[in-house]
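The next block holds one structure in the form of structure tokens; read it before the comments.
Protein chains: 2
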Amino acid sequence: MSLKDVGKDSKQIVERSTRQQSSILEALYGIDEFKSAQEIHALLAKKKLKVGLATVYRTLQKMAEKEDIDAIKSTEGETLYRHCGQNDGHHHHLICNKCGLTITVEGPAIENWTEKVAKENGFSEVSHKVDIFGVCKGCRRK
Amino acid sequence: MSLKDVGKDSKQIVERSTRQQSSILEALYGIDEFKSAQEIHALLAKKKLKVGLATVYRTLQKMAEKEDIDAIKSTEGETLYRHCGQNDGHHHHLICNKCGLTITVEGPAIENWTEKVAKENGFSEVSHKVDIFGVCKGCRRK
DNA sequence: ATACTATTGGGAATGATTATCAATAAGAAA
DNA sequence: TTTCTTATTGATAATCATTCCCAATAGTAT
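Listed in order, the protein sequences are those of chains A and B. What the first sequence shows, in our numbering, is residues 2 to 143, in sequence order. What the second sequence shows, in our numbering, is residues 2 to 143, in sequence order.
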């Protein structure tokens, strides 16, 4: 077995950093709203940053998996992404239906409640989704 | 202005009942899990009940609007429907990721919490989505 | 029965997302 | 630095749920 082969066998956890990835991450940090992959793609194009649409999808997805960013589904079914201020813990969102303004909220009460309900019904490996939609103060005035 | 014209002007709130609609509703009452429009359509076909796919989509959608049935989005983005045992009030679901078993739960605590959070942040016209996913007792044993 | 029009259905159209796969370019080794 | 391996990219085709279109069908009132 040659050195080359050893290299092949040992599972490489390589992760290369590319300009595309930083462009996408940077774009996300420039806004405080949930945006779709398509919107991010358009935004990059406007800045003359050429990044393939497929790459945007792939990258956002991967970042969401690693929990570097948040992902939710809009009521229309699109997946939306947003940079996550607090990497620490689990949290939820208060989202404006008009302008997209998003406020991050925590809810220990919710966590406890879901845990309790799940346990009472014999469920394990539970996860939950709690998002509040509405109209923010600014938009109401209009 | 003729009698005909009067008929045209007065907004008719006509709602015709069709065999397709009853077939769909009946199918829903035969199961206790969330099913997609496609699944319902296949299920009807198996029973030799010919109903167009578009009609299934339209009907389920309409019934969900009237809150005759419940609708949620699966993690894959599909819209799923289920007949709603208790028409009375707002409620949530505890859903098994393996078998689809669904348990309806109420959560006054949640309602209060979302109301409070929304108000604190100046949001109005709020709605919320709370669903708990996990693995039920039966599936865990396998 | 007749007229009016809500509802249906099949297939085309849409739109977001994923798959394909050759070309490109990180990062390691020499 | 140069070579080599292969992760990553990107243009485009393919998927797949859902909606649109519109002529044909069938409730319902008169």
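The beta-carbon is built from N, C-alpha and C at its ideal position, and this holds for glycine as well. Given the structure is predicted, the values throughout are model-derived calculations rather than measurements.
Just the C-alpha distance for N98/A and K138/A, rounded to the nearest angstrom, thanks. Position 97 of the first sequence, counting from 1, holds the residue named residue 98/A. Position 137 of the first sequence, counting from 1, holds the residue named residue 138/A. Separation of N98/A and K138/A (C-alpha to C-alpha, rounded to the nearest whole angstrom) is 12 angstroms.
Beta-carbon spacing of R83/B, I70/B below 8 angstroms: Position 82 of the second sequence, counted from the first residue, corresponds to residue 83/B. Position 69 of the second sequence, counted from the first residue, corresponds to residue 70/B. Contact: yes.
Compare the C-beta of G101/A with all C-beta atoms of chain B and state if any pair is closer than 8 angstroms. Taking the first residue of the first sequence as 1, we reach residue 101/A at position 100. By this cut-off, G101/A is not an interface position.
Looking at V1/B: is its Cβ nearer than 8 angstroms to the Cβ of I111/B? Here chain B has residues from 2 to 143 only, and residue 1/B is not among them.
Note down, in chain order, all residues in the stretch 129-141 of chain B with a beta-carbon under 7 angstroms from any beta-carbon belonging to chain A. H129, K130, V131, D132, I133, F134, G135, V136, C137, K138, R141
Check C140/A in the structure and name its three-state DSSP category. Your numbering for residue 140/A matches position 139 in the first sequence. Note: C140/A maps to helix in three-state DSSP.
Supposed close pair E79/A, H92/A - CB separation, criterion 8 angstroms: Position 78 of the first sequence, counted from the first residue, corresponds to residue 79/A. Position 91 of the first sequence, counted from the first residue, corresponds to residue 92/A. So it is not a contact: roughly 21 angstroms between Cβ atoms.
Using the three-state DSSP reduction, which class does S1/A fall into: helix, strand or coil? The question about residue 1/A has no answer, for chain A in this structure spans 2 to 143.
Are the CB atoms of A72/A and I133/B nearer to each other than 8 angstroms? Counted from its first residue, the first sequence places residue 72/A at position 71. Counted from its first residue, the second sequence places residue 133/B at position 132. Their beta carbons are not under 8 angstroms apart, which means A72/A does not touch I133/B by this criterion.
Do D115/B and H129/B have their CB atoms nearer than 8 angstroms? Taking the second sequence and counting its residues from 1, one reaches residue 115/B at position 114. Taking the second sequence and counting its residues from 1, one reaches residue 129/B at position 128. A small correction: the amino acid at residue 115/B is Thr; Asp does not occupy that position in the sequence shown. Remark: C-beta atoms of T115/B and H129/B approach each other more closely than 8 angstroms.
Residues in the stretch 14-35 of chain B with C-beta within 7 angstroms of chain A's C-beta atoms, listed in sequence order? none
What's the gap between the Cα of A38/A and the Cα of S18/A? If you number the first sequence from 1, residue 38/A lands on position 37. If you number the first sequence from 1, residue 18/A lands on position 17. About 19 angstroms.
With a threshold of 8 angstroms on Cβ separation, who are the neighbours of L81/B within its own chain once the five nearest residues in sequence on each side are excluded? Taking the first residue of the second sequence as position 1, residue 81/B is located at position 80. So the qualifying residues of the chain are F35, K36, S37, A72, I73, K74, S75.
8 angstroms CB neighbourhood of I41/A in its chain, flanking five on each side removed: Position 40 of the first sequence, counting from 1, holds the residue named residue 41/A. Same-chain partners within the cutoff: I25, A28, L29, V57, L61, Y82.
Listing by chain order, which chain B residues have their CB less than 7 angstroms from the CB of K74/A? Taking the first sequence and counting its residues from 1, one reaches residue 74/A at position 73. Simply K74, G78.
DSSP beta-bridge partners of L81/B: Residue mapping note: residue 81/B aligns to position 80 of the second sequence, counting from 1. According to DSSP, L81/B bridges with S37/B, I73/B.
Which word fits G135/A, buried or exposed, when buried means at least 16 other C-beta atoms lie within 10 angstroms of its C-beta? Counting from 1 along the first sequence, the entry for residue 135/A is found at position 134. With 16 or more Cβ atoms within 10 Å of its Cβ, G135/A is classed as buried.
Residues of the stretch 101-127 of chain B with Cβ closer than 7 angstroms to any Cβ of chain A, in chain order: Answer in chain order: I104, V106, G108, A110, I111, W114, T115, V118, A119, N122, G123, F124, S125, E126, V127.
What does the alpha-carbon distance come out to for the pair K47/A and N122/B? For the purposes of this step, residue 47/A is taken as residue 46 along the first sequence, with counting starting at 1. For the purposes of this step, residue 122/B is taken as residue 121 along the second sequence, with counting starting at 1. Going by the C-alpha atoms only, they are around 33 angstroms apart.
Closer than 9 angstroms between beta carbons: that is the criterion. Which residues of the stretch 45-62 of chain A meet it against chain B? none
Taking just the CA atoms, how far does I96/B sit from M64/A? For this step, residue 64/A is matched to residue 63 along the first sequence. For this step, residue 96/B is matched to residue 95 along the second sequence. Looking at the two C-alpha atoms, the distance is approximately 27 angstroms.
Thinking R141/A and S125/B are a contact (beta carbons under 8 angstroms), I'd like their distance in whole angstroms, please. In the first sequence, counting from the first residue as 1, residue 141/A sits at position 140. In the second sequence, counting from the first residue as 1, residue 125/B sits at position 124. The Cβ separation is near 6 angstroms, so the contact holds.
Does the beta carbon of L95/B come closer than 8 angstroms to any beta carbon on chain A? As a first step, residue 95/B must be located in the second sequence, where it is residue number 94. Yes, because at least one Cβ of chain A sits closer than 8 angstroms to the Cβ of L95/B.
Compare the beta carbon distance of L45/A and V52/A with 8 angstroms and say whether it is the shorter of the two. By 1-based counting over the first sequence, the position of residue 45/A is 44. By 1-based counting over the first sequence, the position of residue 52/A is 51. It is a contact, given that the beta carbons lie within the stated cut-off.
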